[in-house]
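Inspection log for the structure reproduced underneath, given as structure tokens.
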Amino acid sequence: MSSFSPLSFELRAQLYQHLAAMEKAGLPTDKAFALLKLAAPAKQRVDQARKLLARGKDIASAGQQSGLFGELDAQLLRAATSAGSPAKSYQRLAEMYAQKASMRKTILARMRLPIAIFILALLIQPLPALVSGSLSAKAYLWGCLRPPLILAALYYLGRAILDRRSNSRFSLGLDRLLLRLPIFGVMHVRHNVRDFFESLGLMLEAGLPMLEALPKASQTMGNQLLRAEFEQLLSRVQRGATLAEASAHLKHLPEPYLISLIQSGEASGTLPDTLLRYASGETEILMRFQQQLADWLPRLVYAAVMLSMAYSLLTSNAFMPQLPDELK
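Quick look at the structure:
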């Protein structure tokens, strides 16, 4: 198990794109890694992977132990290497992580201006009180820093909760709540189901047997309730059911036609391609949703800033008639 934190989506896309190009060019693995140039956060990992390769480690083990590959990626590449060339798996992973990096960049780019306006509002709003002397410099500084600190604390708390994999009541309750949220709950289900079938398709395409791929694919699902539901597929397939027959018992399937799609893929012998096409379509749906989210989040921030400024003005007595001091 690697002690490294996961690489960013962008770095992983660059990594797999390079390895795919080198594999197609026919370069040996050690040469491919020697020519690999990644940003500073990943350079140490590349050097470690080269040392492991020199000691005779296979590409999947070297990449996983050095922190370049995640567990699922390593399993996928191990199966692909055993079946022949991993070039196709490299390319699939590069495309997958490039899409994820693009989705994240879109939201971050749209949020830069609203965040800047929010910060300016925090700095400008209490300035009149500071200038007039009714607000001390210490209170002004604390008033400016408090909202960002609270938001940052809430963000990291939320990340910590969402990243948890325990079966505590709180964690299960949060996963249950996520499934019941309007609009976001539906997209949360689609995201988890997409991750499952995308991972399953990649592993089957690489040559991993169905009975080995199913439990590994279910581990990619972040929601514990959905993960437990999809883990039941393995026992049904072990009893002789096809994937389509086993999936018919699932309660959380975003599209009713998915069963027929899986059945068609199994009948034609193209199940991996069928699952990956479905995952690609779901990725486009999720990207459109995140695009809409990126369009609306700035507006919500603008509205919050305007409401905050309006509230501050209305409660500051700036528009109330003031008696001269000699008449008070």
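The opening position of the sequence shown corresponds to residue 3 in the working numbering, with each subsequent residue numbered one higher. C-beta: ideal position from N, C-alpha, C; glycine also.
Cβ neighbours of residue i in the same chain (closer than 8 angstroms, five flanking residues each side left out)
i: F291; result: M189
i: L125; result: C146
i: L231; result: Rather than Leu, the amino acid found at residue 231 in this sequence is Glu. Excluding residues within five positions, the ones whose Cβ falls inside 8 angstroms are L252, K253, H254.
Other residues of its chain near residue i: CB distance less than 6 angstroms, five sequence neighbours each side excluded
i: R167; result: Here R167 scores only 48 on pLDDT, less than 50, and its place in the model is too uncertain to base an answer on.
i: L236; result: L216, P217
i: G267; result: L273, T276
i: A89; result: A22, E25, K26
i: M205; result: L78, A215
i: Q50; result: S68
i: R52; result: F35
Closer than 7 angstroms: residue i CB and nearest the ligand NAD heavy atom
i: M223; result: With respect to the ligand NAD, the structure offers nothing, as it holds no ligand at all.
Residues near residue i in its chain [Cβ-Cβ closer than 7 angstroms; skip 5 each side]
i: F120; result: V303, V307
i: L40; result: L13, Q16, L17, V48
i: A296; result: T108, I109, R112
i: L74; result: S201, K218, T222
i: Q240; result: L213
i: N194; result: M223, G224, N225, L228
Residue i (DSSP reduced to helix, strand or coil)
i: H190; result: helix
i: R167; result: Residue placement at R167 is poorly supported in this model, since its pLDDT is 48, which falls under 50; the coordinates are not used for a value here.
i: E257; result: coil
i: D60; result: coil
i: F232; result: helix
i: I264; result: helix
i: F71; result: coil
i: T244; result: coil
i: G65; result: helix
i: A184; result: What sits at residue 184 in the sequence shown is Pro, not Ala. Note: P184 maps to coil in three-state DSSP.
i: S270; result: helix
i: L302; result: helix
i: P149; result: helix
i: L55; result: helix
i: L159; result: helix
Report task. Return the chain-ordered ranges of every alpha helix (DSSP H) run that is complete within the stretch 101 to 145 and spans a minimum of 4 residues. Result -> Complete alpha helix (DSSP H) runs here, min 4: 129 to 134.
Query raised in the report: Do the stretch 193 to 212 and the stretch 59 to 69 touch if we need at least three Cβ pairs shorter than 8 angstroms?
Result: In short, these stretches do not touch, since the Cβ pair count stays below three.
**Report entry** In chain order, each beta strand (DSSP E) run of at least 3 residues that lies wholly inside the stretch 7 to 44
**Finding:** List check, beta strand (DSSP E) in window: nothing returned.
Query raised in the report: Hey, which unbroken runs of the alpha helix (DSSP H) at 4 residues or more fall wholly within the stretch 195 to 225?
Result: Runs found: 212 to 220.
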